[in-house]
Amino acid sequence: MNVFPHLTYHRTRDWAAGAALNLQQFQEMYRVLYPAETIILPPPKGVDTPRWGSICHSDEAFVAVIPGGRVMTGSGHVVTPDHRRLQDVELPPYPYPFNELPEPQYTPETVATLMWGWNVPGYAYHQAIFGHWFFDYLPRIHLLEQSGIAIDKYLVGQLTYPFQYESLQMLGFPMEKLIQVDRNDFHLVANKLVVPAIPFLIGGCPSWASQYIRTRLKNASIAPRPGYERIYVSRQDAFARHVINEEEVMQVLAEKGFVRIVLTPLSTADKIAIYSSAQVIVAPFGSGSINTVFCNPGSTLIELTPITVMDGYFWKISNHAGMNYYEVLCDIEQPPKPLAGFDNLIVDIDKLKRVLHMAGI
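Residue numbers for the sequence shown, in the UniProt record's numbering: 1 to 361.
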């Protein structure tokens with residue numbers, strides 16, 4: 001049973017249906033906190049043709065309780081007592097150079113796993129990506145709170161950035177109960193393993209997650225910040241999707257009262273204050289636009305997107321916040337980057353001016 005399993009349940013619901021002896025036990029093992037939802041959002045605005053539809057579907061969000069459940073590898077794969085992985089609460093496995101793990105550590109406690117994605121020390125941390133942290137990790141805490149299940153310990157991948165600690169503290173998270181997983185061969189079996197699940201792969205960013213982040217963090221007595229009514233978010237601190245003609249872009253924007261900001265040096269409280277003060281945001285496609293969750297209804301996001309990226313993620317988040325969303329499609333720097341979506345972009349200044357005019361700026 002120490003061999004990493006290749007058999008899976010496609011859905012956690014399928015495991016619970018087979019393991020439960022009756023309906024009551026099924027409902028204890030598999031608790032739906034938010035049903036699947038389908039909503040219609042306003043289409044993107046701009047001079048480019050919208051590239052996706054307005055209908056958004058999110059699968060149900062649930063909490064599973066697995067007696068004798070296991071967590072295997074540093075990436076936190078959830079394994080049932082009949083030695084199958086739960087496929088709807090994981091990303092495809094990282095290609096670890098081993099197939100067998102040490103004997104599991106047993107705990108008689110109730111353990112909740114907040115883990116998702118890759119957590120490979122020294123190589124890849126999904127929880128270190130700002131966007132994933134805020135919408136694929138933190139809302140799991142909300143699901144656990146809503147479930148009412150008493151948790152003794154929480155598992156999370158290794159924390160490496162201040163924004164992770166800051167946001168947990170702002171949520172009032174019990175840090176003394178947190179276990180950071182920092183080994184590839186991690187193997188734990190719990191008396192009860194509690195697994196909160198967000199529908200990432202089907203729709204992503206459900207409206208309830210936006211509402212949770214906004215109400216719990218924005219309402220943390222953080223005052224708005226004058227002077228940031230119009231902001232341009234530079235990606236000079238990022239490893240990809242730089243704006244090649246950024247100075248030319250800033251020349252246009254500065255004439256309209258925009259200030260340039262770089263997000264990495266800012267604290268979580270700083271970001272909340274700035275975005276809740278902003279009336280208009282111009283930003284290249286990237287995780288920084290997660291912060292639009294803190295914007296006020298009626299504000300505007302103008303997203304600069306390389307032609308090689310088609311992703312409505314921030315369109316959806318900004319619409320959940322009641323914002324106006326515009327997309328400016330941009331050509332890319334040649335030659336293209338080896339990885340799709342990592343291309344640097346070149347903004348068509350005339351197109352940008354037209355979109356600014358459309359937005360009343």
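For glycine and all other residues, C-beta sits at the position ideal for the given N, C-alpha and C.
Only a predicted model underlies this, so the values are computations on that prediction, with no experimental measurement involved.
Check whether the Cβ atoms of residue i and residue j lie closer than 8 angstroms to each other.
i	j	result
Thr-308	Ile-332	yes
His-187	Gln-105	yes
Leu-171	Arg-216	yes
Val-79	Val-195	no
Ser-210	His-320	yes
Ile-231	Val-259	yes
Asn-184	Glu-103	no
Thr-300	Ile-317	no
Exposed or buried, residue i, counting other C-beta atoms within 10 Å across all chains shown (16 or more means buried)?
i	result
Tyr-275	buried
Val-249	buried
Ile-202	In this prediction, Ile-202 scores a pLDDT of 43, lower than 50, which makes its location untrustworthy; the coordinate-derived value is nonetheless stated afterwards. Burial call: exposed.
Lys-177	exposed
Ile-302	buried
Tyr-325	buried
Is DSSP giving residue i helix, strand or coil here?
i	result
Ala-124	strand
Asp-348	coil
Asp-311	coil
Val-181	strand
Thr-80	coil
Gly-203	Reliability fails at Gly-203, whose pLDDT of 49 lies under 50, so the model's placement of it is uncertain and no value is given.
Tyr-221	What sits at residue 221 in the sequence shown is Ser, not Tyr. Coil.
Gln-27	helix
Met-72	strand
Thr-160	coil
Might you give, ordered along the chain, the residues of its own chain that have their beta carbon closer than 7 angstroms to the beta carbon of residue i, omitting 5 neighbours on each side?
i	result
Arg-11	Asp-88
Asn-344	Arg-241, His-242, Ile-244, Ile-332, Glu-333
Val-47	Lys-351, Arg-354, Val-355
Ser-287	Ile-129, Phe-130, Gly-131
Leu-253	Tyr-232, Val-282
Ala-273	Ile-222, Ala-223, Pro-224, Arg-225
Return the chain-ordered list of same chain residues with a C-beta closer than 6 angstroms to the C-beta of residue i, the five sequence neighbours on each side being excluded.
i	result
Met-29	Ala-16, Ala-20, Val-65
Gly-117	Leu-91, His-126
Gly-76	Thr-113, Met-115
Who are the Cβ neighbours of residue i in its own chain at under 8 angstroms, not counting the five residues just before and after it?
i	result
Ile-346	Val-243, Ile-244, Asn-245, Cys-330, Asp-331, Ile-332, Glu-333
Gln-169	Met-175
Would you grab the beta carbon distance between residue i and residue j for me? Rounded to a whole angstrom, and I think it's under 8 angstroms.
i	j	result
Pro-67	Ser-54	Pro-67 to Ser-54, Cβ: 43 angstroms. No contact.
Val-74	Val-181	It should be pointed out that residue 74 corresponds to Gly in this sequence rather than to Val. About 5 angstroms separates the two Cβ atoms, so the contact holds.
Gln-236	Val-262	6 angstroms
Pro-206	Ala-359	Between Ala-359 and Pro-206 the Cβ distance is about 27 angstroms, and since that is not below 8 angstroms, they are no contact.
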